[in-house]
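Undergrad: First, the structure itself, so that you have it in front of you.
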Amino acid sequence: MSYHERRAWVLMRNHVHILIYPEAPLSRITKAIKNFSARRANAILRRAGQPFWQDESYDHWVRTPDELAKIVRYIEANPVTAGLVSHTHDWRWSSAFADRPDRPGGLSYL
Numbered sequence: 058m059s060y061h062e063r064r065a066w067v068l069m070r071n072h073v074h075i076l077i078y079p080e081a082p083l084s085r086i087t088k089a090i091k092n093f094s095a096r097r098a099n100a101i102l103r104r105a106g107q108p109f110w111q112d113e114s115y116d117h118w119v120r121t122p123d124e125l126a127k128i129v130r131y132i133e134a135n136p137v138t139a140g141l142v143s144h145t146h147d148w149r150w151s152s153a154f155a156d157r158p159d160r161p162g163g164l165s166y167l
């Protein structure tokens, strides 16, 4: 996968960022992600029937390769900006960590 086809994601303490290439209506994708993750999170928290996600979401269409690169950097830098780690690849719940070239199966996009 080239950098221009890059997907990115990061799971933070109170929100999630994902960069995808949708092949279904975005509302369907968002609903599926929120339903699945809310059920799992509520099970981990040993609670049921309680809302987990806010109703809002923000979506944006990427129009240029430069904008794509900027968005990937923004997403993967979120844990650094929040002061949780010093380097993007240190946050275990992110595409930056998953794609580390030193990890088995890791990829380098640069």
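In short: position in the sequence shown from 1, add 57, done, that's the working numbering.
Even glycine gets a Cβ: it sits at the ideal position worked out from N, Cα and C.
None of the values given here were measured: they were computed from a predicted structure.
1) State buried or exposed for T145, treating a residue as buried only when at least 16 other CB atoms are found within 10 Å of its CB.
2) Using beta-carbon positions only, say whether S151 and V67 come within less than 7 Å of one another.
3) Taking the continuous alpha helix (DSSP H) assigned at V137, which residues delimit it?
4) Would W118 be called buried (16 or more neighbouring beta carbons within 10 Å of its own) or exposed?
5) From D159 to N135, what distance separates their C-alpha atoms?
TA: On the basis of the coordinates in this document:
1) Here residue 145 refers to the residue found at position 88 when the sequence shown is read from its first residue. Classification for T145: buried.
2) The sequence position of residue 151 within the sequence shown is 94, counting from 1. The sequence position of residue 67 within the sequence shown is 10, counting from 1. Yes, the Cβ-Cβ distance between S151 and V67 is below 7 Å.
3) Within the sequence shown, residue 137 is the residue found at index 80, counting from 1. Residues P122 to T138.
4) Residue numbering aside, residue 118 sits at position 61 when the sequence shown is read from its first letter. Under this definition W118 is an exposed residue.
5) Residue 159 sits at position 102 when you count from the first residue of the sequence shown. Residue 135 sits at position 78 when you count from the first residue of the sequence shown. Distance between the alpha carbons of D159 and N135: 21 Å.
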